[in-house]
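**Student:**
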Amino acid sequence: MRANPADQSTRAVSLEQLTDLLRRIFLAHGTRAEVAEVLAENCASAQRDGSHSHGIFRIPGYLSSLASGWVDGKAVPVVEDVGAAFVRVDAGGGFAQPALAAARALLIDKARSAGIAVLAIRNSHHFAALWPDVEPFAEQGLVALSMVNSMTCVVPHGARQPLFGTNPIAFAAPRAGGEPVVFDLATSAVAHGDVQIAAREGRLLPAGMGVDRDGQPTEEPRAILEGGALLPFGGHKGSALSMMVELLAAGLTGGNFSFEFDWSKHPGAQTPWTGQLLIVIDPDKGSGQSFAQRSEELVRQLHGAGQERLPGDRRYSERARSMAHGISIAQTDLERLQALAGH
Ligand code: NDP
Ligand code: PYC
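Numbering-wise, the numbering used here comes out as the position in the sequence shown, counting from 1, plus 750.
1. Measure the Cβ-Cβ separation of L721 and P848 and say whether it is below 9 Å.
2. Just tell me which of F845, G1036, A1070 and E889 has its CA closest to the CA of R925.
3. Since Q1026 is in the beta strand (DSSP E), which residue starts that stretch and which ends it?
4. Is it buried or exposed for S1078, if we count other Cβ within 10 angstroms and need 16 for buried?
5. Cutting at 6 Å between CB atoms, please list the residues of its own chain near V932, excluding the five before and the five after it.
6. Closest by CA to V898, which one among V904, I919 and L892?
7. From A851 to S874, what distance separates their C-alpha atoms?
8. Could you spell out the range, first to last residue, of the beta strand (DSSP E) harbouring R838?
9. Please work out which residues of its chain come closer than 6 Å, Cβ to Cβ, to A941, disregarding the five sequence neighbours upstream and downstream, and give them in chain order.
10. Could you give the DSSP three-state label for F776: helix, strand or coil?
11. Is the Cβ-Cβ distance between S818 and I1029 less than 9 Å?
12. Rounded to a whole number of angstroms, what is the C-alpha to C-alpha distance between A846 and Y1066?
13. Just to confirm, does W1013 get its C-beta within under 8 Å of one of the non-hydrogen atoms of the ligand NDP?
14. Assign L954 to buried or exposed, taking buried as 16 or more other Cβ atoms, counted over all protein chains shown, within 10 Å of its Cβ.
15. Cα-Cα, which of V868, D964, E1058 and G891 is closest to T1003?
16. Skipping 5 residues on each side, what residues in its chain have a beta carbon closer than 7 Å to that of D1034?
17. If you pair each beta-carbon of the segment 965-975 with each one of the segment 815-829, do three or more pairs fall below 8 Å?
18. Could you give the distance in angstroms between the alpha-carbon of V837 and the alpha-carbon of Q946?
19. Contact check, L856 vs C903 under 8 Å by CB: the rounded distance?
20. DSSP on T769, reduced to helix/strand/coil?
21. Taking only runs of the beta strand (DSSP E) that begin and end inside the segment 857-923, which ones reach a length of at least 3 residues, in chain order?
22. Note down the Cα distance separating A762 from R1086, rounded to an integer number of angstroms.
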């Protein structure tokens, strides 16, 4: 699938149409109904918001992973209530998003009663953008922080060989006068998905993002993908955050570290088999004041200081455009998706 339909002949589809098409694709390729529903909503929302590295571009990877037997599309997550503010889920070798969906109500109950709640997901595959996992909590007045580790492809700062995954962190907070404040960022200098897209499009990457198989700096995406590796963003600082993600998303949850799984016996496997952590906070318990008013004030000051574009703003404007004019998809991709749904 193309990451960006910009220079192709395109069709505009509604969010409902795209979600339904993706749901039928997942169903046709061996997931149970609820998994198909959750993944289709996630992937269609990413496409709607212009999260191109994690929208329909990911469908072939989902399907080859399912076909290889690497991920279980029929897994039923097992939710355990393990403490006043702690929920644990064994995703059963299935996807992380249905595990989160299964635990969501309990997690919110605990966050509202204890003021904070932790969700530890293990034995899970996450192949998507992370913001869809946190933004809905902020829409309900809660603050949410999540992190997930992926697959070894990032050289820790000062190291000689890759160990970390691209390990994103996402944060969402409610805001009184607008959409929640959300950021979602890989702790690598660039997401692996964006390297794949650059390689496909024949584009060089900016300097400082990766190294080739000999450990030499390169701007050539293929050299990174074929034996090379990525670097953390921000040198030792991004590397420390990536280490934290390994510790919390895998070490604490019981999931695999990014270097702990071996998918070599499953040709086609692309979905990292790791873990995920979510922390959900009821922010009004912090000061007894309205947190959403406080975050609105911060946004006002940021704008006043000259920062017009906040994290999340690009997605929100893409979302508004998609909702007004439809989600733009290359005609060839739409035909491919339709064929996959009829499989
Ligand atoms: P980006 O570098 O594109 O963006 C990171 C964040 O910074 C976003 O919140 C973005 O907001 C914001 N931002 C970007 N540019 C600006 C700017 N000029 N001013 C203010 N804010 C800005 O994302 P990444 O490449 O790091 O990650 C891409 C995606 O890949 C993420 O969704 C991530 O979850 C996903 N990913 C998933 C993995 C997994 O294992 N499942 C692994 C690694 C990455 P906005 O969204 O509005 O552009
Ligand atoms: O873009 O780095 C990435 C990624 C890894 C797993 C899913 N997306």
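Just so it is clear, CB atoms sit at the ideal spot from N, CA and C, and this is done for glycine as well. Small disclaimer: the values here were computed from a predicted structure and weren't measured.
**Tutor:** So, from the listed chains and residues:
1. Residue numbering for the chain in the displayed model covers 751 to 1093; residue 721 lies beyond these limits and cannot be assessed.
2. Along the sequence shown, one-based indexing puts residue 925 at 175. Comparing Cα-Cα distances from R925 to each of F845, G1036, A1070 and E889, the minimum goes to E889.
3. The residue you call residue 1026 lines up with position 276 of the sequence shown. Run containing Q1026: W1023 to I1031, per the beta strand (DSSP E) assignment.
4. Locating residue 1078 in the sequence shown gives position 328, counting from the first residue. Label assigned to S1078: buried.
5. In the sequence shown, residue 932 corresponds to position 182, counting from 1. Excluding residues within five positions, the ones whose Cβ falls inside 6 Å are W881, E885, A922 and G1062.
6. On the sequence shown, residue 898 is found 148 positions in, with the first residue counted as 1. Nearest C-alpha to V898: I919.
7. What you label residue 851 is simply residue 101 of the sequence shown in a count that begins at 1. What you label residue 874 is simply residue 124 of the sequence shown in a count that begins at 1. Rounded to the nearest angstrom, the two C-alpha atoms are 13 Å apart.
8. As a working note, residue 838 is residue 88 in the sequence shown. Under the DSSP assignment, R838 falls in the beta strand (DSSP E) whose first and last residues are F836 to F845.
9. Counted from its first residue, the sequence shown places residue 941 at position 191. Result list for A941: S803 and T916, in chain order.
10. For this step, residue 776 is matched to residue 26 along the sequence shown. Three-state result, F776: helix.
11. The residue given as residue 818 occupies position 68 in the sequence shown. The residue given as residue 1029 occupies position 279 in the sequence shown. No, they are not a contact pair.
12. Stepping through the sequence shown from its first residue, residue 846 is reached at position 96. Stepping through the sequence shown from its first residue, residue 1066 is reached at position 316. Approximately 24 Å between the Cα atoms of the pair.
13. As a position in the sequence shown, residue 1013 is number 263, starting the count at 1. No, the ligand NDP has no heavy atom inside 8 Å of this Cβ.
14. Start at 1 with the first residue of the sequence shown, and residue 954 comes out as number 204. By the neighbour-count rule (16 or more Cβ atoms within 10 Å), L954 is not buried but exposed.
15. Sequence index remark: in the sequence shown, residue 1003 carries index 253 (1-based). It is V868 whose Cα lies nearest to the Cα of T1003.
16. For the purposes of this step, residue 1034 is taken as the residue at position 284 of the sequence shown. Correct list, in chain order: S1040 and F1041.
17. The segment 965-975 makes no contact with the segment 815-829, as fewer than three CB pairs between them are under 8 Å.
18. One-based indexing of the sequence shown puts residue 837 at position 87. One-based indexing of the sequence shown puts residue 946 at position 196. Spanning the two alpha carbons is a distance of roughly 35 Å.
19. For the purposes of this step, residue 856 is identified with residue 106 of the sequence shown, where counting begins at 1. For the purposes of this step, residue 903 is identified with residue 153 of the sequence shown, where counting begins at 1. Rounded, the Cβ-Cβ distance is 34 Å, inconsistent with contact.
20. In the sequence shown, residue 769 corresponds to position 19, counting from 1. In this structure, T769 counts as helix in the three-state DSSP scheme.
21. Positions of the beta strand (DSSP E) runs, each at least 3 residues long and wholly inside the segment 857-923, are given as 866-875, 893-898 and 919-923 in order along the chain.
22. Reading the sequence shown from its first residue, position 12 is the one you call residue 762. Reading the sequence shown from its first residue, position 336 is the one you call residue 1086. Distance between the alpha carbons of A762 and R1086: 15 Å.
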